[in-house]
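**Student:** I'd like to ask some things about the structure below.
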Amino acid sequence: MKAQTVSLTIVAFLIGVLAAGGIGVRVIREVRTDDVTRSLPGSSITAPTYPSNGYFVDPDETLIASTAVIPLSVRQDGSSLSIRYDLVSRSPIAGMPDTGPFLLPSKWVLRIGSTMIEGGPADPDTRVALFDLPQGARAAEIDVVEIINPLAAYPLNVFFGLSETNPRVEIIDGVSIELLRVSEEGANTIVHIRIDVGDPAIPMIWIEGAGPGWRPAVREAGRLRVDLTWVGGDLPETIRLRAHGTQWIEIEGRYRVFIGRLR
Amino acid sequence: MSDPGLEEPSRSRSQDDASDVIPWGPPVAATILGALLMASSVIFSVVTGPGEAGTVPTALPATAQQATGFPDGYAAVTGTVAFRADVIKAGSDRVIIFVSSAVIGGRDPASVTLPEVAAWSLRVPGDEAGMVHQYAAMGVPGSVTIEFDQMLLPDSVVLNAILPGTVEHVTDRVLLPGSLPGTLSSYTITVGDHTIVIDELVIGDTWGSIRWHLEGGIAAKVEVVVTLDGTTDPTVLTSSHAALLDAPIGSLLPPLWSTRGQALLAPTGQALSESSAPTGITVEFFVSVVTEPGVSVEVPVISVVAP
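Line by line, the protein sequences are chains A and B. Using the working numbering, count along the first sequence one by one with no gaps and you end on 267. Using the working numbering, count along the second sequence one by one with no gaps and you end on 640.
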């Protein structure tokens, strides 16, 4: 066999492999995709309903978990730059009160050239990220805006104990419960509790007694204090309580925010 | 007459063809052989599956958003809702998982309810744990926190949501003497082959508490309604969470499926005045038990935070 024939044979062999391989990869993809969907319940196998425009809420959205961060405006006043944004949850809420999304994009970073500038909202209820730009910098020069390690709220349910010898307990990172005092009110015993909600403030937290002998909790209006009424006889040395509500959890990651159309 | 100028080149080409003719047999055979080899590889791959690394679809590929209609990394548990474990925090003696949910694109979240999960399981190679508790809060609808009291290595962890399959409901009634505080302990309620054990029920004039656990079965829910009989305006206590809280929007949602639970009882309505001595106490238990598991769906895990 001549060298030309050998070369041709090798090339032909490779063509055969590649052609069959191309078809094969598609076959494998389809079969494996089918494997994944087969493990889901029948009702989950639906035709794609993802909006054809390619976003859930807004073309400029940044999805963090299932909440969309949507930049609304960019405003510069001297060296002060503000990015106003909205949060829209994609969680199912049928039959629930509209409490709004509990996402706190607390730390923002923007980059102008090689300069990184940190900023963020002042508190969970303020949906404006503020930045101090370097002297002479303009919003149009911003290269990248990112949200770093945002906080998301999740359900909280913690049992714990307080006593005179151990009057303060950190129930989760940054959130402590303190036994202030115990007083008598007729035949009842009142246990006065203070909640130190940390920074940023925890979205919502309640304290109640755990086990028999407690009446429902009373929360002092406007103050993070709770008076618990004990009617179970002598107050135990260790007071068993339960905290429930919500807590902040950090979602690690960098999430790019798109402000190009707003500058 | 022929034109020698044309004939020569023509003959010359004919002679070249005869001497350099390509033998197409080997290349054609090689093409077929190559295709057959690759085809057999494809068939083997399809038959044997994607292999160890691909058997666990822990995270959907980046194109899942387009393919499923859910945000990246969410796995569908129903046709309209998908779950994702955003964070797993491994403590010194327990694992807590924070799960969020997302509605499929094109649907209004206000028109979709969060599907119930009967139980969650956590698997690592060679070990598996069932949840201790799962709970939801009214302030963050759509999110669930799950607690495991077994410490499993977080590497290559697999989380499964097990939907309710068969659910049986039982109502049980107990009459107690009228003396307060009334107590009931180690009281059992049978549901099919499964047993709910009321570890302790304590009833006061306008307060109470209940603690229970499930023996056998997947998960259960227990609600109790206590009526202090014989009073002119009978006091009714309930473990319903809505009645426990003193604000329009309380923090806890009704208890999710669990294998054990405890709750305070509170009077229905706003009255907290003490009632006169009852002549008797009627206790009604409303019990639901998941006796058979439904579909199990693997929920992608996004981030694991070790202690």
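A virtual CB, placed ideally from N, CA and C, is assigned to each residue, including glycine. No experiment lies behind these values; they were computed from the predicted model shown.
#1: Residue ranges of each alpha helix (DSSP H) run of no fewer than 4 residues wholly in the stretch 424-456 of chain B, ordered along the chain?
#2: DSSP three-state label for residue 358(B), please.
#3: Among 403(B), 410(B), 424(B) and 414(B), whose alpha-carbon lies nearest the alpha-carbon of residue 637(B)?
#4: Who are the Cβ neighbours of residue 248(A) in its own chain at under 7 Å, not counting the five residues just before and after it?
#5: For the beta strand (DSSP E) containing residue 184(A), name the first residue and the last one.
#6: In terms of alpha-carbon separation, which member of 569(B), 553(B), 515(B) and 627(B) lies closest to residue 599(B)?
#7: Would you tell me roughly how many angstroms separate the C-alpha atoms of residue 500(B) and residue 65(A), rounded to the nearest one?
#8: How would you list, in chain order, the residues of chain A whose beta-carbon sits under 7 Å from the beta-carbon of residue 445(B)?
#9: Please determine, among 144(A), 177(A), 141(A) and 72(A), the residue with the shortest C-alpha to C-alpha distance to residue 151(A).
#10: Got a sec? Which residues, its chain only, sit under 8 Å from residue 511(B) by beta carbon, not counting five neighbours each side?
#11: Answer with buried or exposed for residue 502(B), where buried requires no fewer than 16 other C-beta atoms within 10 angstroms of its C-beta.
#12: Name the chain A residues whose beta carbon is nearer than 9 Å to that of residue 468(B)?
#13: Can you check whether the CB of residue 235(A) is closer than 8 Å to the CB of residue 217(A)?
#14: For the stretch 109-124 of chain A, which residues have a CB atom closer than 9 Å to at least one CB atom of chain B, in sequence order?
#15: Can you list the residues of chain B that residue 235(A) reaches, using a CB-CB cut of under 7 Å?
#16: Quick one: grab the DSSP three-state call for residue 145(A).
#17: Is residue 490(B) near residue 634(B), with beta carbons less than 8 Å apart?
#18: Taking the Cβ atom as the reference point for each residue, do residue 154(A) and residue 107(A) lie within a distance shorter than 8 Å?
#19: Would residue 157(A) and residue 80(A) qualify as a contact pair, given that the criterion is a beta-carbon distance under 8 Å?
#20: In three-state terms, what does DSSP make of residue 384(B)?
#21: For residue 494(B), count the other beta carbons within 10 Å of its own beta carbon; 16 or more makes it buried, fewer makes it exposed. Which is it?
#22: Sorted by chain position, which residues of the same chain lie with C-beta nearer than 8 Å to residue 428(B)'s C-beta, five sequence neighbours on each side aside?
#23: Can you list, in chain order, the residues of its chain whose CB lies under 6 Å from that of residue 229(A), leaving out five sequence neighbours each side?
#24: Quick one: what's got a C-beta closer than 6 Å to residue 430(B)'s C-beta in the same chain, skipping five residues either side?
#25: Have a look at residue 83(A) and residue 148(A) and give me their C-alpha separation to the nearest angstrom.
#26: From residue 68(A) to residue 451(B), what does the alpha carbon distance come to, in whole angstroms?
#27: How is residue 201(A) classed by DSSP in three states: helix, strand or coil?
#28: Go through its chain and collect everything with a Cβ distance to residue 176(A)'s Cβ below 6 Å, but skip five positions before and after it.
**Tutor:** Per the coordinate set shown:
#1: Here no run is fully enclosed.
#2: Helix.
#3: Out of 403(B), 410(B), 424(B) and 414(B), 424(B) has the C-alpha closest to the C-alpha of residue 637(B).
#4: So the qualifying residues of the chain are 160, 161 and 210.
#5: Start and end: 179-189.
#6: Checking every option, the nearest Cα to that of residue 599(B) belongs to 569(B).
#7: Cα-Cα distance, rounded: 41 Å.
#8: Residues of chain A passing the Cβ test: 96 and 98.
#9: Nearest option by C-alpha distance: 72(A).
#10: 561, 562, 563, 610, 611, 612, 613 and 614.
#11: Label assigned to residue 502(B): exposed.
#12: Listed by position along chain A, the residues whose Cβ is nearer than 9 Å to that of residue 468(B) are 159, 160, 161 and 248.
#13: The Cβ atoms of residue 217(A) and residue 235(A) lie closer than 8 Å to each other.
#14: Residues passing the 9 Å Cβ filter: none.
#15: The answer, in chain order, is 537 and 540.
#16: Helix, per DSSP.
#17: Result yes, Cβ atoms of residue 490(B) and residue 634(B) sit closer than 8 Å.
#18: Residue 154(A) is a Cβ neighbour of residue 107(A), given a cutoff of 8 Å.
#19: No.
#20: Residue placement at residue 384(B) is poorly supported in this model, since its pLDDT is 32, which falls under 50; the coordinates still yield a value, given next. Here DSSP, grouped into helix, strand and coil, assigns residue 384(B) to coil.
#21: Classification of residue 494(B): buried, given that the 10 Å Cβ count is 16 or more.
#22: Same-chain partners within the cutoff: 421, 422, 455, 462, 480, 481, 483, 484, 485 and 487.
#23: The beta carbon of residue 229(A) is closer than 6 Å to those of 198 in its chain, skipping five residues each way along the sequence.
#24: Closer than 6 Å at Cβ, skipping near neighbours: 418, 421 and 479.
#25: Looking at the two C-alpha atoms, the distance is approximately 17 Å.
#26: Each residue's Cα considered, the two are about 27 Å apart.
#27: Correct three-state label for residue 201(A): coil.
#28: Around residue 176(A): 251.
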